[in-house]
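Notes follow the structure.
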Amino acid sequence: MSTYNTISNPVQFEHKLNRSRFIASFKSVKNVEDAKAFISDISIEHKMANHNCWAFIIGYKGEISHSSDNGEPSGTAGAPMLNALRKHNLTNIVVVVTRYFGGVKLGIRGLIEAYNSTVDIGISNNTIEEIVPHSYYKVETPYDFYEIFKHRLNEYNPRYDKIEYSQYIDFELVLNSEFKVQVESHLAEWTKSGKIKSQHIKDTND
Numbered sequence: 000m001s002t003y004n005t006i007s008n009p010v011q012f013e014h015k016l017n018r019s020r021f022i023a024s025f026k027s028v029k030n031v032e033d034a035k036a037f038i039s040d041i042s043i044e045h046k047m048a049n050h051n052c053w054a055f056i057i058g059y060k061g062e063i064s065h066s067s068d069n070g071e072p073s074g075t076a077g078a079p080m081l082n083a084l085r086k087h088n089l090t091n092i093v094v095v096v097t098r099y100f101g102g103v104k105l106g107i108r109g110l111i112e113a114y115n116s117t118v119d120i121g122i123s124n125n126t127i128e129e130i131v132p133h134s135y136y137k138v139e140t141p142y143d144f145y146e147i148f149k150h151r152l153n154e155y156n157p158r159y160d161k162i163e164y165s166q167y168i169d170f171e172l173v174l175n176s177e178f179k180v181q182v183e184s185h186l187a188e189w190t191k192s193g194k195i196k197s198q199h200i201k202d203t204n205d
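Now the structure itself:
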């Protein structure tokens, strides 16, 4: 998976159904800790609400996902919210749906539809952004190994930035994070054998 979809900016969407207010709050996150922090913030902001149900998906391939019904009948809130996120192929995303009860009970089916549609419509009303994750490395290589280096990594379609020619060739290696494991294996092998010096700089979403 070379890219993933998310909602880049924190957004809110309010949906009214049978007098109840459903407020969906979305945020793009990088890890579980960020997701939990956002859930906590929204729950504090809406501490007088009847429920603050939530769901999140983390990882370039959506490897981690969790949800909570937060007091609603089991399976009526968290799971439908997750299904809505997956419908739009989103990851690195968290959503909290706050419910202010309006006095009319919706029933099991009604709750499932309410939480699912609140997230679904909220996503549809906002811009989904395609994110390309990149990894950056600082590399130093002798002149006689530079072309070999590029040839061996050519299949990963890397970018070479900030090239400096002195006693050695110093440059910044930039690649799609999809290939991070494979490329780091090569870098570790060449570093161990003394062919290059390399250092991981950062991972970004560009």
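Reminder that position 112 of the sequence shown reads as 111 in numbering that gives the first Met the number 0, one-by-one numbering, no gaps. No residue lacks a Cβ here, since even glycine has one placed at the ideal position from N, Cα and C. This structure is a prediction, so every number in the text was calculated from the model and none was measured.
Check	Outcome
If we count the other Cβ atoms within 10 Å of its Cβ and call it buried at 16 or more, is R18 buried or exposed?	exposed
Measure the beta-carbon distance from S64 to L89 and round it to whole angstroms, keeping in mind my assumption that it falls under 8 Å.	Not quite, the Cβ-Cβ distance comes to about 11 Å (not below 8 Å), so this is no contact.
Which residues bound the beta strand (DSSP E) around T97?	92-99
Report the three-state DSSP secondary structure of M0 (helix, strand or coil).	With a pLDDT of only 47 at M0, under 50, the local geometry of the prediction cannot be trusted, and the value read off the model is given with reservation. It is coil, neither helix nor strand.
Which runs of the beta strand (DSSP E), 3 residues or longer, sit entirely within the segment 56-90?	63-67
Checking 8 Å against the spacing of the C-beta atoms, do E146 and D169 come in under that value?	no
Between A113 and F21, which are expected to be in contact by the criterion C-beta below 8 Å, what is the C-beta distance as a whole number of angstroms?	6 Å
Expressed to the nearest angstrom, what Euclidean distance is found between the alpha-carbon atoms of K201 and S116?	37 Å
For L16, list the residues DSSP reports as bridge partners.	S19
Could you check if E71 is buried or exposed, using at least 16 other CB atoms within 10 Å of its CB as the buried criterion?	buried
Give me whichever residues DSSP pairs with V31 in a beta bridge.	The partner list for V31 (beta bridge, DSSP) is empty, contrary to what the question assumes.
So, with DSSP's three-state summary, where would you put Y134?	Per the sequence shown, residue 134 should be read as Ser rather than Tyr. S134 falls in the strand class under three-state DSSP.
For R108, which residues from the same chain have a beta carbon less than 7 Å from its beta carbon, with the 5 sequence-adjacent residues on both sides left out?	none
What are the boundary residues of the alpha helix (DSSP H) that includes E146?	142-152
For T203, count neighbouring C-beta atoms within 10 Å of its own C-beta (all shown protein chains included) and say buried if the count is 16 or more, exposed if not.	exposed
Just to confirm my understanding: we take M0, look at its own chain, exclude 5 residues before and 5 after, and list those with CB closer than 8 Å. What are they?	Note on M0: pLDDT 47, under 50, position unreliable in the model; the coordinate value appears next. Cβ within range, chain order: Y59, K60, E177.
Which of the three DSSP states, helix, strand or coil, is assigned to T126?	coil
How is A223 classed by DSSP in three states: helix, strand or coil?	Past the edges of the chain, shown from 0 to 205, lies residue 223, and the structure says nothing about it.
State the Cα-Cα distance for the pair P9 and K26, rounded to the nearest angstrom.	4 Å
Taking the Cβ atom as the reference point for each residue, do A34 and I57 lie within a distance shorter than 8 Å?	yes
Note down, in chain order, each residue of its chain lying with its Cβ closer than 7 Å to the Cβ of F48, except the 5 sequence neighbours on either side.	Correcting the residue type first, residue 48 is Ala in the shown sequence and not Phe. Correct list, in chain order: T97, R98, Y99.
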